[in-house]
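Student: After the structure tokens below, expect a handful of questions from me.
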Amino acid sequence: MPVLSYIQAINAAMREEMERDEKVFILGEDVGKRGGVFLATEGLYEQFGADRVIDTPLAESAIAGVGIGAAMYGMKPIAEMQFADFILPAVNQIVSEAAKLRYRSNNDWSCPITIRAPYGGGVHGALYHSQSIEALFANQPGLKIVIPSSPRDAKGLLKAAIRDPDPVLYFEHKKAYRLLKEEVPENDEVIPIGQANQVRDGDDLTVITYGLPVHYALEAANQLADSDQIETTILDLRTVYPLDQAAIIKAAQKTGKVLLITEDNKEGSIMSEVAAIISEHCLFDLDAPIKRLAGPDVPAMPFAPTLEKEFLINQDQIKAAIKELAAF
Amino acid sequence: MPVLSYIQAINAAMREEMERDEKVFILGEDVGKRGGVFLATEGLYEQFGADRVIDTPLAESAIAGVGIGAAMYGMKPIAEMQFADFILPAVNQIVSEAAKLRYRSNNDWSCPITIRAPYGGGVHGALYHSQSIEALFANQPGLKIVIPSSPRDAKGLLKAAIRDPDPVLYFEHKKAYRLLKEEVPENDEVIPIGQANQVRDGDDLTVITYGLPVHYALEAANQLADSDQIETTILDLRTVYPLDQAAIIKAAQKTGKVLLITEDNKEGSIMSEVAAIISEHCLFDLDAPIKRLAGPDVPAMPFAPTLEKEFLINQDQIKAAIKELAAF
Amino acid sequence: MLKHDELGLSNDNVLEMYRLMVLARRIDERMWLLNRAGKIPFVVSCQGQEAQQVAAAFALDRSKDYTAPYYRDVGVVLALGMTAKELMLQAFAKAEDPNSAGRQMPGHFGSQKLRILSGSSPVTTQVPHAVGIGLACKMNQDSSIAYVTLGEGSTNQGDFHEGANFAAVHKLPVIIMVENNQYAISVPLNRQVACEKISDRAIGYGMPGVTVDGNNPLVVYQAVKEAADRARSGNGPSLIETISYRLTPHSSDDNERTYRSSEEVEQAKEKDGLIVFKQYLIENNVLTEDLDAEIEKQVKEEIDQATDYAETAPYPSPESLYHGVYYE
Amino acid sequence: MLKHDELGLSNDNVLEMYRLMVLARRIDERMWLLNRAGKIPFVVSCQGQEAQQVAAAFALDRSKDYTAPYYRDVGVVLALGMTAKELMLQAFAKAEDPNSAGRQMPGHFGSQKLRILSGSSPVTTQVPHAVGIGLACKMNQDSSIAYVTLGEGSTNQGDFHEGANFAAVHKLPVIIMVENNQYAISVPLNRQVACEKISDRAIGYGMPGVTVDGNNPLVVYQAVKEAADRARSGNGPSLIETISYRLTPHSSDDNERTYRSSEEVEQAKEKDGLIVFKQYLIENNVLTEDLDAEIEKQVKEEIDQATDYAETAPYPSPESLYHGVYYE
Ligand SMILES: Cc1ncc(C[n+]2csc(CCOP(=O)(O)OP(=O)(O)O)c2C)c(N)n1
Ligand SMILES: Cc1ncc(C[n+]2csc(CCOP(=O)(O)OP(=O)(O)O)c2C)c(N)n1
Ligand SMILES: [Mg+2]
Ligand SMILES: [Mg+2]
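In structure tokens, the structure reads:
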């Protein structure tokens, strides 16, 4: 198996799906000759031409809306938002249209669009190139929201998103793009949307998280297994909306101690719903209060390195939280 | 004290604030001669003229964005969105701009705008005139979200919103407009934003809710006190973002049994965060799992009366949930 | 004055057009009666716009083109094959309604079979959708084209601009027709736009733009036909503005006396396209008063039957609320 | 050719304009060096647009007008009174940066004192803000006007359309200047718009629109002056398009070789407004090579000092992350 970075895995997923199905095409800003500002679409313009890798005018509501129209026709558009922060002009198209199309037409029309967007901080992106935006969409039935935590997942989940008959928001962590590398199958591995993934097994406590923090949690858990004999179960949500309730309940019950981690602001994050699910279903299984480790409730991650650092969750915090919970 | 309906209280708050402060003005669709499609601004055009009660072109991003610009100048705009469902084209202006203006300028600029919008269902409004849209904004530090549950609160909270130096989203339940009536002080009662309100006292269990369900919960609680001797504490959140953590914790601890009610879809609602707060802070005070009563996870409330009814939470469900929890 | 045979329309063609206009008008009138009798909760009218609607639809290839009509386009959908019965099923919100199975309000059309894109309530979102259809047609060498309508107020939404621009840059087979009926609810044209004609916007997109008399179906037919030919031969999109007047209040919830005089409305009624066209047909010996009476009679019967059927048809079952959120 | 004295500009005026253009250029060049040396994480350039920027600012009443400059407008903010030191403090993300105290990236200007509206990263949101300022000026009988800029690609956003239309309908004192530098990152003009000139959009709003040579600061000055007079005398907004060329890659993160040739860039450099203006000043005996050398020397010293100061200035403290979310 070739070793691919997270962004290479994303690129490979798109290439393979475009080779497999003529209905798949890409539209977005600078996705053509430029290959995307992060190079996610590198080489695709050359391979598939300007008609299937479409540089759009600078207008996100049109990118989403035109994609939705094409999806209604039966195409399988992959719409790229240059940064997740810039998906906001397209919220009406995504929430009022994509999410509700099947429902409002009683299954007559559908909207098989994938909307990709780089999210997350730690890359000196400042307030508007660092945000976690998933919670804003995570109350909209009809949508699915996928956030991969590794190259292999990135590929398999993107393939699933493209093939999905419903609209999928696919958020990719821009710091993971080149940081994460691993062996990724060349074959047609499609990872089902809607299922969380246990990435580590352990009896002392459970960490539930998604995206880049899965990587950090794994590092921390492995170190603490060595240094402190703390054994941690880690559940990677993979799909953050709608949540895999059964997997969350099972993972929480397994250890009775739960640490929830997100890079997003704390209040109103994905982890609020995870905590709510656990508190509805596993109250008597818990041996410690649920703990959330999240970004602070400030509008977004600032530019200055001192502030960016202060905003981001770090390994020390994760380890301290794990130890505290294990000792509870 | 005069008896006012919920919408009359809203109208009175705007009139009084416009009389008090020349910087207050209204902009929105049909707010002028028409007095608003629900008549929330009735009579204000006549009293204050077309320059302070401005009929805008049909464009929500401009209503928000122009309001934000005027607020930067030092004005106190009240922007009306005709229905909360139609705030979505303005999400970028609200989230990227209003919410972040003070922070990104390090307190140099501020944005004292109030954005009013009728939300909620039960009025045959179908998918796009019935939505609860608060959760979409309830992860954005810099914003405040207020939802009054009674005429008196509607007036006092709207006055507070208009005077607030920061952007406030003020959602008014359209079914409450003419359903709810009570005595409302004529004087300058300003109800502070950020503080929940205990509207009923009881030792058996705690209901936490906001908006129109407060009214239903009160009815149910009073009936069950008579019929079943169940005594319920009811906490009206009033401000749904950022939440009044202290009041939530206190109310949960008081009875050890908590029922959370929202008209919104369940997953990712305001009640998810309330449950998370309780599960972080009051685990050992709880005698029963946290229970959430909410709308189903379907895109929105349909038009047909059978479906609207099936979507909406009703008195029977509230009573059954209270009884079940009391008996736990 | 332009004659129908110069446009290649036979006497049968124009009689059929006239019949559909009458049918649309009478359906609308019946709906108001039903609404005032408390039998249906809501009506939004086509009255005053039927002539342009039917004429425009006739200029399309109704066997293969796609349409994204807006809520007043009863004339369009009838011309495309929707029946009075189907419209009444929608008005009564019954399970058999093919548009949405009673989920959406009247005026929210949609039919995969008739290639009518499902519409929502937030105005103007359909413009990018139609552009997406145009894009898909072009990519698939499908000679179908996309036709989309909206009101003049709605042209002030960002989605109009973004959609029109996208269509022009990519030379897509799209016709955007603006039905300018002088009002957006209560807001008259001169408070919506400051340009002389809505079609003046076309030059800013680099597409042809024309303004025609919406009360003269033959000039509308001609303009749409030209635009359709242009689109089908690869020469890109067109903007057409049709001028008429909204003869009813905005909807059954509106009170138009707050913002316009009955004299103004009465004057407009004299120019009603339905009357204008009837006169034309009589003067040109296509229609007689007898034949007209016969048409009216048939239409009435059709509507009577449709109403009876719809009124007694079953509502969607409560359980159906939960279906069609995602692919099942 | 137009002469500066015909415009009422003295020799001192044009020399000062020239000095500011040079200062802007050299600051920008220095930032690239600092970026390539790893000292600052990001640059977004004004190079090629300084002439139009400084000229436009000089046509305003810099003692009272409001501006909403976009990220390339180093020339504008310098002309308004921002200093090299302040810009360097921003580039180094230091606490003393008056724009945002190191919270935002370079190019995100803002100063209450200088009436420069705080800007964000999502493009075009500033257009409605400027319109809101115009509205507030009009309401307060304040003879100030609002000046806003954006790139040609950004005119495709809904906010451009909605903002321009609002300003025109309400005849507000606003100038919208589009700095057309031929590219939006990698996407050339003809993939962004299909109109001949961006100023063709003005007629669709009912406002005057002109296109001028952005490399000739005198014609830019003249156009902005006329628009300012129009705005100040109550005749509403104007649209101005200035044509120039982006001489650098989009930003320090861009690789322009993927989408344009170095020949094309070299050709454009010959028409660089800075060179054109220098020649003009020399030919008109306002500038000599000696004086130019002196200006360059002073500018260099200013930038050296600014850089030294900014480099050693302190970063914002980690604790400051939590401040300024709401009014404190
Ligand atoms: C985004 C959005 N904002 C507001 C509304 C409420 N609304 C429904 S129709 C309408 C006026 C539309 O006017 P126009 O476009 O001229 O169409 P007309 O109804 O006159 O045919 C408004 C404001 C809406 N449906 N969608
Ligand atoms: C809403 C939004 N979408 C995308 C971006 C990313 N982006 C930053 S600048 C830019 C191109 C802007 O082009 P133009 O308007 O021509 O201005 P220029 O940079 O050429 O001066 C893009 C796509 C953004 N900042 N905001
Ligand atoms: Mg209209
Ligand atoms: Mg540009």
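Residue numbers (the numbering used here), protein chains in the order written: chain A, 1 to 328; chain B, 329 to 656; chain C, 657 to 984; chain D, 985 to 1312. Note that CB positions come from ideal geometry on N, CA and C, so glycine has one too.
Leaving out five residues on either side along the sequence, give the residues of the same chain with a beta carbon under 8 Å from the beta carbon of ASN1140/D.
Tutor: Answer for ASN1140/D: GLN1176 and VAL1177, listed in chain order.
Student: Do VAL1198/D and SER1228/D have their C-beta atoms closer together than 8 Å?
Tutor: It is worth fixing the name first, because residue 1198/D is Gly in this sequence and not Val. Against a cut-off of 8 Å, the Cβ pair of SER1228/D and GLY1198/D comes out as a contact.
Student: From ALA1120/D to TYR401/B, what distance separates their C-alpha atoms?
Tutor: Roughly 7 Å separates the two Cα atoms.
Student: With a threshold of 7 Å, establish whether the CB of ALA1178/D neighbours any heavy atom of ligand 4.
Tutor: Outside the cutoff, so no.
Student: Please specify which runs of the alpha helix (DSSP H), each continuous and at least 4 residues long, are wholly inside the region 27-115 of chain A, giving them in chain order.
Tutor: Qualifying alpha helix (DSSP H) stretches, in chain order: 44-48, 60-73 and 101-104.
Student: Report all residues from its chain with a CB closer than 8 Å to the CB of GLY596/B; omit the five preceding and five following residues, and keep chain order.
Tutor: Excluding residues within five positions, the ones whose Cβ falls inside 8 Å are ALA463.
Student: Going along the chain, which residues of the region 1121-1142 of chain D sit with their C-beta nearer than 8 Å to a C-beta in chain C?
Tutor: Answer set for the region 1121-1142 of chain D: ASN1140, GLN1141 and GLY1142.
Student: Give me whichever residues DSSP pairs with GLY623/B in a beta bridge.
Tutor: According to DSSP, which records beta bridges pairwise, GLY623/B is partnered with ASN593/B.
Student: For the region 1096-1113 of chain D, list every residue whose C-beta sits within 9 Å of some C-beta in chain B, in sequence order.
Tutor: The region 1096-1113 of chain D vs chain B, Cβ under 9 Å: GLN1096, LYS1097, LEU1101, SER1102, GLY1103, SER1104, SER1105, PRO1106, THR1109, GLN1110, VAL1111, PRO1112 and HIS1113.
Student: Does DSSP put ARG528/B in a helix, a strand or coil?
Tutor: The answer is strand: DSSP assigns ARG528/B an E or B state.
Student: CB GLN238/A to CB TYR210/A, shorter than 8 Å?
Tutor: Inspection of the sequence shows that residue 238/A is occupied by Arg rather than by Gln. Contact: yes.
Student: On the premise that ILE422/B lies in contact with ILE666/B, defined as a C-beta separation below 8 Å, what is that separation, rounded to the nearest angstrom?
Tutor: Beyond the ends of chain B as shown, which are 329 and 656, falls residue 666/B; an answer cannot be given.
Student: Whose C-alpha, out of VAL352/B, PRO440/B and ARG480/B, is nearest the C-alpha of LYS472/B?
Tutor: Checked all of VAL352/B, PRO440/B and ARG480/B; the closest Cα to LYS472/B is PRO440/B.
Student: Skipping 5 residues on each side, what residues in its chain have a beta carbon closer than 6 Å to that of LEU773/C?
Tutor: For LEU773/C, where only same-chain residues beyond five positions count, the Cβ hits under 6 Å are ALA724 and HIS785.
Student: Per the DSSP calculation, ALA833/C is bridged to which residue(s)?
Tutor: The residue you asked about is not Ala; residue 833/C is Met in the sequence shown. For MET833/C, which the question treats as bridged, DSSP gives the partners THR805/C and ILE896/C.
Student: By the DSSP assignment, the alpha helix (DSSP H) with TYR216/A in it spans what residues?
Tutor: Element bounds for TYR216/A: 212-228.
Student: Using a C-beta to C-beta distance shorter than 7 Å, which residues of chain B count as neighbours of MET761/C?
Tutor: Under the 7 Å cutoff, chain B gives ALA454 and PHE631.
Student: Which residues in the same chain as THR384/B place their Cβ atom closer than 7 Å to its Cβ, once the five residues preceding and following it in sequence are excluded?
Tutor: Excluding sequence neighbours, THR384/B sits near LEU355, GLY356, GLU357, ALA390 and ILE391.
Student: Let me know if GLY65/A comes out buried or exposed under the rule of 16 or more other beta-carbons within 10 Å of its beta-carbon.
Tutor: GLY65/A comes out buried.
Student: What distance in whole Å lies between the Cβ atoms of ALA707/C and PHE1045/C, which are believed to be in contact at a cut-off of 8 Å?
Tutor: Summary: the structure shown does not reach residue 1045/C, with chain C confined to residues 657 through 984, and so no result is reported for it.
Student: By how many angstroms is the C-alpha of LEU1134/D removed from the C-alpha of ILE1224/D?
Tutor: Taking the straight line joining both Cα atoms gives about 11 Å.
Student: Please list, in chain order, the chain B residues whose beta carbon lies closer than 8 Å to that of PRO242/A.
Tutor: Simply GLU595 and ASP625.
Student: Near GLU636/B, what residues of its chain come up, given a Cβ to Cβ distance below 6 Å and the 5 sequence neighbours on each side ignored?
Tutor: Here the set comprises MET629.
Student: Hey, would you say SER272/A sits closer than 8 Å to SER600/B, going by beta carbons?
Tutor: Yes, they are a contact pair.
Student: With a threshold of 7 Å (Cβ to nearest heavy atom), would GLY809/C be considered close to ligand 3?
Tutor: For ligand 3, at least one heavy atom lies less than 7 Å from the Cβ of GLY809/C.
Student: Is any heavy atom of ligand 1 found at a distance shorter than 7 Å from the C-beta of ARG681/C?
Tutor: Not so, every heavy atom of ligand 1 lies at least 7 Å from the Cβ.
Student: For ligand 3, any of its heavy atoms closer than 7 Å to the Cβ of TYR839/C?
Tutor: Within the cutoff, so yes.
Student: Taking C-beta to C-beta, are VAL1028/D and PRO1106/D nearer than 8 Å?
Tutor: No, the Cβ-Cβ distance between VAL1028/D and PRO1106/D is not below 8 Å.
Student: Just the C-alpha distance for ILE576/B and TYR726/C, rounded to the nearest angstrom, thanks.
Tutor: Each residue's Cα considered, the two are about 46 Å apart.
Student: Determine the closest residue to ALA820/C out of LYS794/C, GLN782/C, ARG728/C and ASN837/C, with distance taken between C-alpha atoms.
Tutor: Of LYS794/C, GLN782/C, ARG728/C and ASN837/C, the residue nearest in Cα terms is GLN782/C.
Student: Taking 8 Å as the CB-CB cut-off, is ALA67/A touching chain D?
Tutor: Before going on, a small fix: residue 67/A reads as Gly here, not Ala. No, no contact with chain D.
Student: Which same chain residues end up closer than 7 Å to LYS23/A when comparing Cβ atoms and leaving out the 5 residues on each side of it in sequence?
Tutor: So the qualifying residues of the chain are GLY74, MET75 and LYS76.
Student: Leaving out the 5 sequence neighbours to the left and right, which residues in its chain are closer than 7 Å to GLY1065/D when beta-carbon positions are compared?
Tutor: Excluding positions up to five away in sequence, the list reads LEU1098.
Student: ILE519/B lies in the alpha helix (DSSP H); which residues open and close that run?
Tutor: Taken as a continuous stretch (DSSP letters only), ILE519/B belongs to no alpha helix (DSSP H), as it is neither H nor E.
Student: Which residue from ASP379/B, ASN593/B, LEU571/B and ARG528/B puts its Cα closest to that of ASN1124/D?
Tutor: Looking at the Cα atoms, ASP379/B is the closest of the given residues.
Student: Could you spell out the range, first to last residue, of the alpha helix (DSSP H) harbouring HIS609/B?
Tutor: First-last of the alpha helix (DSSP H) with HIS609/B: 598-609.
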